[in-house]
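Chains as they are written, first to last, in the numbering used here: chain W, 1 to 231; chain X, 1001 to 1472.
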């Protein structure tokens, strides 16, 4: 996953970029409206935009990006700035975050906003619409091939039997290869529960997937945070 | 307080009424005494002249005294006043009643003084005052003089009841009048107190409204004694100051919270990201977080400095602006040398001006800090001190600090004094955007100012303006 981060405060921008990168997301950090418009690429999955840019640059970035692309835009505003939020939504932003950031919320909203835009219609490439990263229909890691649509996992060409939860877990991680999925997100999406105690269940399922696929690297543990699809 | 004031006025009135009334009452009693005394003496004088010649004890003399005795008895019956004639020794010779005769024979104290006086040749003196509660009869006496010799006296003893009743009657009238005056005074006192206290009541209302949160409440200008009117004006001034101060505080807090948001968010993000760092990178990640925390603390410090700069007041006085500048330059040379920046000093050696040395030094520091921070290495920062022209004139002293840094665009120039504002090119450089704001506040406090322009060759030119003399 690749994100364009528009933040003029260098310290805050650096901190955000670092934390996004440690979740396995690639980050391009820019500090002004002009740089933002110039740096936007088709392979950006989302734009995280600080609306508090000086001189209303934030709104300008929002509308200029929206004019040329339908990339999801996540705006960050001050808690008290309701007017700015509404205006930003009108100008084309898709969702908002309140400063100071909570990293879990930031990650959840990034996932939410990119999930909505996936996958592009089959004919999109033909019409020349800007393409993002490829839809995760078939993801290959070494011997393991994960076919998300058909709900089949093959190891060296042979389908293996995974339980529904085991497959859902693997499919979730394969949705954004390399991106760290936080434990609470996995529990929320796959087990549909907010129960924190489900971590043990999660571990068991991860171990089971590793055993059945015969690969210890298919799922990589990120200590203290969650898991991701391995290299 | 109205009651207290009225009571006070009433008390004063009472004191005045009493101090006037008592002597008047005494005078009334005295006047009656004199009237009665005079009346008695006049009657006695008449009888004294009627006393027959003392002579032989022949028939003529006896007939005279008998006739006199009958007159006296008639007088006694008519007026109730006993009269007697005594001889030169004080022994009664003719009398109208037994009481007086007995008193005279025994020379009782009642008549003693009067008799002695008359026998000495003078009419007797009566009491000074006729008090209503003294029911002793009044003794009076006149001498009987024949051929220049006192041969006897005529003595009267009269009840004083009627006279005393008159005194009492007059006293009661006096008391009644004074009571009426007191009641009238009480009413007037009430109204006077209300008039005096009305401005205080208005002051109280305004103070209450302010205490309840309506900072705009003021005392209406109006009636009342001049001291209270002045109090009202002072109160209004104070309320305006309080209101301005509260507004300034609110604005400051709004400013501060707006600008602390980003550094705080950075710190929080770093801390949350700390848990993601692999163990070997944790130390570095923690150090980044700590650096962000320190930056936050520095920003807070600068804000406090600005708040203090706006509210402490040191006195201004005559000083040498050039001396202050040179003293500060001494410290900044070290910083400049570290970055290979040349600090040049030009202009006058001495420049008399009027300001607070501490405030001026602070402003110079802030401007130099700015200039050095944004000057690239191996450039020059020039400090030009120009004295007032003409001396003591309205132009004041100027200290012009010019740098060769990136300068500012035209649109940015107007915003450079805004609190927390920092030019686009500076985001991320250490600095809180408060330096120029602080310098401006410090200078303006005693009539100075700050001007920012673009230098001809691209850098920034900052002029500190210091008045030449007390602006008054």
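Idealized CB from N, CA, C, for every residue including glycine. Bear in mind the structure is a predicted one, so any value in this text is a computation, not a measurement.
Going by C-alpha positions, residue 92 of chain W is about 36 Å away from residue 1291 of chain X. Under the criterion of beta carbons closer than 8 Å, residue 1361 of chain X and residue 1324 of chain X qualify as touching, at roughly 6 Å.
Excluding sequence positions up to five before and after residue 1026 of chain X, its CB lies within less than 8 Å of the CB of 1129, all in the same chain and listed in chain order.
Using a Cβ-Cβ distance cut-off of 8 Å, the segment 59-78 of chain W and the segment 35-50 of chain W are in contact, since at least three pairs of beta carbons, one from each stretch, lie closer than that value. DSSP places residue 188 of chain W in no beta strand (DSSP E) but in the uninterrupted alpha helix (DSSP H) bounded by 183-190. For residue 76 of chain W, the enclosing beta strand (DSSP E) starts and ends at 73-77.
Residue 1277 of chain X reaches chain W at 22, counting residues in chain order whose Cβ is nearer than 8 Å. Contact of residue 18 of chain W with chain X by beta-carbon distance below 7 Å involves 1273. Taken through DSSP and simplified to helix, strand or coil, residue 1356 of chain X comes out as coil. In this structure, the alpha-carbon of residue 15 of chain W lies about 6 Å from that of residue 1270 of chain X.
The beta carbon of residue 1301 of chain X does not come within 8 Å of any beta carbon belonging to chain W, so the residue lies off that interface.
Setting aside the 5 residues that flank it on each side, residue 1267 of chain X is surrounded in the same chain by 1289, 1292, 1293 and 1296, each with a C-beta closer than 7 Å to its C-beta; the list follows chain order. The DSSP-derived three-state label of residue 25 of chain W is coil.
What residue 165 of chain W touches in chain X, judged by beta-carbon distance under 7 Å, is nothing: the nearest beta carbon there is about 26 Å away.
For residue 36 of chain W, not one C-beta of chain X is nearer than 8 Å to its own C-beta.
Taking C-beta atoms as the reference points, residue 144 of chain W and residue 155 of chain W count as a pair closer than 8 Å. By DSSP's assignment, residue 228 of chain W forms a beta bridge with W:220. DSSP, read as helix, strand or coil, puts residue 7 of chain W in coil.
Taking a beta-carbon distance threshold of 8 Å, residue 99 of chain W counts as an interface residue toward chain X. Assignment of residue 96 of chain W by DSSP, reduced to helix, strand and coil, places it in the strand class.
In the structure shown, residue 1111 of chain X adopts helical secondary structure according to DSSP, grouped into three states. Residue 169 of chain W does not reach chain X, its nearest Cβ partner there being about 21 Å away, counting only Cβ pairs nearer than 9 Å. If one requires a minimum length of 3 residues, the beta strand (DSSP E) runs lying completely within the segment 1014-1089 of chain X are 1082-1087, in chain order.
Neighbourhood of residue 12 of chain W in chain X, by CB distance below 8 Å: 1262, 1263, 1265, 1266 and 1269, in chain order.
In this structure, the beta-carbon distance from residue 1068 of chain X to residue 1084 of chain X does not fall below 8 Å.
Secondary structure of residue 1464 of chain X (DSSP, three-state): strand. Interface residue (Cβ-Cβ distance to chain X less than 8 Å): residue 230 of chain W is not classified as such.
Residues of the segment 210-229 of chain W that bring their beta carbon within less than 9 Å of a beta carbon in chain X comprise 222, 223, 224 and 225, in sequence order. CA-to-CA, the gap between residue 1107 of chain X and residue 1070 of chain X works out to about 24 Å. Under the three-state reduction of DSSP output, residue 1455 of chain X falls in the coil class, being neither helix nor strand. Rounded to whole angstroms, the separation of the alpha carbons of residue 1371 of chain X and residue 46 of chain W is 40 Å.
Taking C-alpha positions only, residue 1217 of chain X is separated from residue 1225 of chain X by approximately 22 Å. Contact with chain W is absent for residue 1374 of chain X, since none of that chain's Cβ atoms lies less than 8 Å from the residue's Cβ. Under the 10 Å beta carbon count, residue 107 of chain W is surrounded by 16 or more other beta carbons and is classified as buried. For residue 75 of chain W, the number of other beta carbons within 10 angstroms of its own is at least 16, and it is reported as buried. For the 8 Å CB-CB criterion, residue 1265 of chain X and residue 10 of chain W do not form a contact.
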